[in-house]
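Heads up: take any position in the sequence shown, counting from 1, add 1, and you land on the working numbering.
Glycine residues also receive a C-beta, built at the ideal position from the N, C-alpha and C atoms.
Inspection log for the structure reproduced underneath, given as C-alpha cells.
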Amino acid sequence: MSAFLQAIGYPAWALHTLILLPVVGALVLMVQPVERHVKWTALGFALAELIVSLGLWYGFELGTASMQFEASHEWMHQWGVTYHVGVDGISLMMVLLTTFTMPLAVLGSFSYIKKKERGFYSLLLVLTSGMLGVFIALDLFVFYVFWEIMLIPMYFIIGIWGGERRLYAAIKFFIFTFVGSLLMLVAILTVYAVVGTGTGTYSFDYRHLVTNAWMVSRWGPWLFAAFFLAFAIKVPMFPFHTWLPDAHVEAPTAGSVILAGILLKMGTYGFLRFALPLFPAVAMSPVVSTVVVTLSVIGIVYGALVAMVQPDFKKLIAYSSVSHLGFVMLGIWALSLQSIEGAVLMMINHGISTGALFFLAGMLYERRHTREIAEFGGIARVVPGLAAVLTVVSLSSIGLPGTNGFVGEFLVLVGSFGTQPVATVIATTGVIFAAAYMLWAIQRILFGKLDNPANEKLPDLSLRELVVLAPLLAGIIWIGVYPGPILRRVEPAAAALVDLVRRPAQPQLLPLTPQPRVNE
C-alpha cells in the first residue's frame with residue numbers, strides 16, 4: 002500500500018486535498034440546481050475526504066516522531082508566513098477522527114434538517130476544512146487562521162438550525178471562543194516578534210518558534226496564560242465550561258456530534274502541540290501544574306455530579322464531556338508516556354462514544370420531540386434495537402472493559418499515578434460517578450414501566466440510522482479489544498513530546514526532525 006501511495010504521488014497532495022476538497026464541495030452545493038440532491042452531494046464529498054485520509058493511515062511510517070506527509074508553500078514571504086502542513090502520530094489520529102465523524106454527521110442530518118439544506122451542508126463542509134487545518138498546520142499564523150475559520154460555520158449551525166434558545170447559545174459560544182482566540186493571537190505575535198528579533202529570522206514556522214522558545218522566557222507566564230485560556234475554553238475546562246451545555250443542548254444533532262467529537266479535541270490538541278512545547282518550563286512549573294491538575298480533577302468530579310441530576314438527556318451528555326475531558330487534561334499534565342497515550346486515546350474514544358450518544362439522543366428527539374428523561378421509560382420493549390445500541394454506547398462511555406472507554410481511562414490513570422498520585426485517586430471516583438449517572442439514565446429511559454401512551458408506538462432504528470451507528474459501534478469494540486494499531490502510531494510522538502517538555506533547556510532534543518518539503 003505504501004509503495005502504491007508513493008507511486009501516485011500521494012504525500013505531495015494528500016493534506017492539500019483534505020483542506021481544499023470540502024471548500025470545493027461547499028461551492029458545488031451552492032450552485033446545485035436541485036436542492037433535494039444537496040445532502041447526497043455533501044455526503045459524497047464527506048466520504049471522499051474519508052477515503053483520502055485513509056491513505057494517511059496506511060502510508061504512515063511507524064517508529065518515528067517526525068512529521069510526515071509534509072508540504073509547504075510560500076504564502077506571505079515578507080512576513081514569514083508559510084502554508085506549511087504535516088502530521089505526526091497525534092495529529093494523524095485527530096485528522097482521522099474528523100474525517101470519520103463528518104460523513105456520519107451528514108448522513109445523520111438527513112431527516113433532521115428540513116430547511117435551508119443548501120446552507121447547512123455547505124457550512125458543514127467549510128467547518129471540515131477549518132477543523133482539519135487546525136490539526137495539520139505547522140505554521141502558527143496558518144493555525145490561527147484555521148482556528149478562526151472553524152468558529153464561523155459552527156456559530157451559524159447553532160444559531161440557524163438550533164433549538165428555541167439557539168441565538169443565546171450561539172452568541173455565548175462565539176464570545177467565549179473569540180475572546181480566548183484574540184488573546185492567543187497576541188501571544189503568537191509576541192513570540193514571533195521576540196524570536197525574530199533574537200534570531201534575525203521572522204517566521205511563524207512551528208519548528209523555528211519551538212526551537213527558540215527559550216528566548217521568550219521573560220514573558221513566558223503571560224504568553225502561556227493567553228494560550229492556556231484559548232485552549233481551556235475550547236476543551237472546556239472547569240470553570241470555563243459554561244458555554245458548553247447551552248451549545249450542546251441547542252445545537253442540531255450534527256452540531257452536537259461535531260462539538261463533542263471534534264471541536265473539544267482542538268483544545269486538548271492545542272495543549273499538546275503548542276502550549277507545552279512552546280512554554281515547557283512554565284507549563285510544568287509547580288504552581289501551574291498544581292492549578293491545572295486541580296482544575297482537571299474538579300472538572301472530573303463536578304461534571305459527573307452535575308450530569309447525575311440533569312433531567313435533559315442532551316445536557317447530561319454535555320456535562321459528561323466536562324468530566325471526560327478532565328481525564329484528558331490530567332493525562333496531559335501527568336506527562337508520562339502512558340498518560341499522554343491515554344489522553345490521546347481518550348480524545349478519540351470520547352469522540353466516538355459521546356458522538357454516538359448525541360446521535361441516539363437526536364433519534365429519540367425525532368421520535369418524541371422531547372429530551373426530558375422523565376418522558377420516557379420502558380421503551381426497550383418498543384424499540385429493542387435502539388435500546389441495545391444505547392446500552393452498549395453507555396457502557397463504553399463509563400469505561401466497561403472490552404470497550405474503547407476502558408483502555409483510555411486505564412492508561413491515563415496508570416500513567417498519572419506516578420507523578421500525580423493524589424489527583425489520580427480522586428479522579429478515579431469520576432469513573433464511579435460516571436457509572437451512576439449513565440446507568441441511572443438508561444434505566445429510566447429504557448426500562449421500568451411503559452406507562453406513557455406516547456411511547457407505545459415508537460419506530461425502531463431505520464436502515465439509515467443503523468448505517469450511522471454501525472461504524473461507531475465497530476470503533477467502540479475494535480479499540481476496546483485491539484488498540485495496538487493506534488498506540489503504535491501515537492507512541493513515538495508522545496514519547497518525543499514527553500522528552501521535549503521534560504528537558505526544555507536542550508533545544509536540540511526537538512523531536513521534529515526536518516523532512517524534505519514539497520514546494521508547490
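Give me the DSSP bridge partner(s) of residue i.
i           : result
residue 242 : Its beta-bridge partners do not exist; DSSP assigns none.
residue 88  : 69
residue 138 : 86
residue 77  : 82
residue 206 : 140
residue 367 : None, per the DSSP bridge assignment.
residue 373 : 313
Are the CB atoms of residue i and residue j nearer to each other than 8 Å?
i           : j           : result
residue 495 : residue 91  : yes
residue 151 : residue 131 : yes
residue 144 : residue 309 : no
residue 487 : residue 352 : no
residue 200 : residue 220 : no
residue 304 : residue 327 : yes
residue 470 : residue 408 : no
residue 225 : residue 276 : yes
residue 502 : residue 278 : yes
residue 484 : residue 64  : no
residue 331 : residue 289 : no
residue 268 : residue 239 : no
residue 23  : residue 97  : no
residue 287 : residue 113 : no
residue 324 : residue 431 : yes
residue 194 : residue 280 : no
residue 99  : residue 133 : yes
residue 372 : residue 315 : yes
residue 271 : residue 230 : no
residue 185 : residue 266 : no
residue 261 : residue 403 : no
residue 48  : residue 101 : no
Taking residue i as the reference, which of the options has the closest Cα?
i           : options            : result
residue 83  : 203, 214, 281      : 203
residue 387 : 334, 463, 86, 262  : 463
residue 397 : 415, 315, 482, 419 : 482
residue 563 : 186, 321, 67       : Because the chain spans 2 through 521 in this model, residue 563 falls outside it and cannot be assessed.
residue 212 : 224, 222, 114, 196 : 196
residue 124 : 45, 156, 280, 296  : 156
residue 57  : 249, 177, 94, 489  : 94
residue 500 : 273, 128, 395      : 273
residue 473 : 89, 106, 20, 26    : 106
residue 367 : 403, 466, 48       : 466
residue 243 : 227, 295, 218, 175 : 175
residue 189 : 227, 218, 173      : 227
residue 455 : 413, 370, 416      : 370
residue 334 : 427, 234, 421      : 421
residue 490 : 340, 88, 43        : 88
residue 218 : 283, 504, 426, 498 : 283
residue 358 : 340, 389, 37       : 389
residue 300 : 79, 234, 498, 115  : 234
residue 183 : 172, 198, 173, 146 : 146
Got a sec? Which residues, its chain only, sit under 6 Å from residue i by beta carbon, not counting five neighbours each side?
i           : result
residue 506 : In this predicted model, residue 506 has a pLDDT of only 45, less than 50, meaning its place in the structure is not dependable; the value taken from the coordinates is given anyway. Excluding positions up to five away in sequence, the list is empty.
residue 245 : 237, 319
residue 523 : The shown model of the chain, from 2 to 521, leaves out residue 523, and the question about it has no answer.
residue 18  : 53
residue 39  : 30, 33, 118, 119, 122
residue 142 : 82, 205
residue 37  : none
Which same chain residues, not among the five before or five after residue i, have their C-beta less than 8 Å away from its C-beta?
i           : result
residue 461 : 383, 384, 385, 386, 387
residue 375 : 312, 445
residue 440 : 395, 399
residue 468 : 108
residue 210 : 141, 192, 193, 196, 204, 279
Suppose the cutoff is 7 Å on Cβ atoms and the five residues either side in sequence are ignored; what does the same chain contact list for residue i look like?
i           : result
residue 405 : 350, 353, 354, 397, 476, 477, 480, 481
residue 419 : 337
residue 513 : With a pLDDT of 43 at residue 513, under the threshold of 50, the modelled position of that residue is not reliable, and the figure given next carries that caveat. The answer, listed in chain order, is 67, 68, 208.
residue 15  : 53, 56, 57, 70
residue 251 : 159, 163, 164, 166, 167, 170
residue 391 : 361, 443, 447
residue 46  : 22, 23, 26, 126
residue 20  : 130, 133, 134
Notebook entry, point to check: Does the count of Cβ pairs from the stretch 256 to 269 and the stretch 352 to 370 closer than 8 Å reach three?
Noted result: yes
Next item on the list: Spell out a yes or no on whether the stretch 101 to 120 and the stretch 161 to 171 are touching, meaning 3 or more CB-CB pairs, one atom from each, closer than 8 Å.
Entry: In this structure the stretch 101 to 120 lies against the stretch 161 to 171, because at least three pairs of beta carbons, one per stretch, are closer than 8 Å.
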